[in-house]
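What follows is a single structure, written as structure tokens, with notes after it.
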Amino acid sequence: MTKNKDSHNTWYTLSEKMQSIAYKVIGDKTEGLMPFFKNLRQILESASIKIGFKMYVSTTIFFSLIMSFLMFAIVPLLLIFVFQTSLLFAALSGLGASLFTFVFSILGFYLYPVYRADKLRRELEDELAFTSGYMAILASAGVSPEKIFYALSSLQVPLAASTEAKNIIYDINLFGLDIISALKRASKRTPSKIFQELIEGLISTIHSGSSLSAYLRQKNRQYIKLKRISLSKFSNTLSILSEVYVTLLVTAPLLLVIMLVVMTMMGGGNIGPLGPDILLNLLTYVGIPFASIAFLIILDAISPKW
């Protein structure tokens, strides 16, 4: 446990240093590019990524350029010395790979907080039945709203809502906000519309002096019904995805391999400068692994956590 924590701290420190280098090198040169990332600031907050907006943009551009230059150097060398292609084709492929890597890297950095925010949204909504039930129990015992969120933030096995609760407690303790103001900030920040409705309902209940425990019990019953519906939909989706996986990642590659082997035996099968042996290597070491990773990402994106 200590070893994992130490490795996490080492990685976190290294990441901070890399971000600092990126900001020092090109931080002042990114002002003109800020309009292209105008929606990213809110997404970073929704994803609970603790990094400044300008530093994140600087890191995005800096490492995209580095990856682009690396691909421009590596791809031609691989094509010349491993696949024995012509120098012109290797140079053009290196340029194309470099441009593709730059664009893909920018998109990756941009989509990462979008993915994180969406993942947090799904986790919040998956756990709402448990979160609201826990809050309802505390409210029924007469615990104040501030103490409810404090208890939620310090759970031994944290829920996704624990992150939101920590931010609320942080706003109260550090900025001196009252519970209503802290909840309003959390409502604007959260990526989940359903969790936002829960928070806004809490604000209205506290404002009106109504029963907090009655409100939370009613929401808990509602979320349990929604949970049953979502699990039923996921079961149907999973059966479809299993069929897609077998078709695209088991049957199709086998057919392509057989086709390429037969075409090689017949003396054909070239696609431009790429022969069947190169196509077979690309399918085996690039196509199938990347398709499998994409499938795992899709599966993770739709899977309930509870």
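Under the working numbering, the letters of the sequence shown match residues 4 to 309, in that order.
Ideal placement from N, C-alpha and C gives every residue a C-beta, glycine not left out.
- Glutamate 246 sits exposed, since fewer than 16 C-beta atoms from the chains shown fall within 10 Å of its C-beta.
- The DSSP-derived three-state label of lysine 191 is helix.
- DSSP places asparagine 170 inside the alpha helix (DSSP H), whose first and last residues are 163-178.
- Of the residues assessed, arginine 224 falls on the exposed side of the cut-off, its CB having fewer than 16 other CB atoms within 10 angstroms.
- For leucine 258 against serine 195, the beta-carbon gap comes to about 43 angstroms, at or over 8 angstroms, which does not count as contact.
- The Cβ atoms of leucine 141 and isoleucine 151 lie closer than 8 angstroms to each other.
- Distances from the CA of threonine 193 to each of Gly136, Ser135, Ser233 and Arg125 were compared; the closest alpha carbon is that of Arg125.
- Residue environment analysis places threonine 134 among the buried positions, since at least 16 neighbouring C-beta atoms fall within 10 angstroms of its C-beta.
- Annotated as proximal: isoleucine 171 and alanine 185, with beta-carbon spacing under 8 angstroms.
- At least 8 angstroms separates the beta-carbon of leucine 158 from that of serine 147.
- Counting of Cβ neighbours within 10 angstroms places serine 242 among the exposed residues, the total staying below 16.
- Here DSSP, grouped into helix, strand and coil, assigns asparagine 42 to coil.
- Put simply, the backbone Cα of histidine 210 is about 42 angstroms away from that of isoleucine 300.
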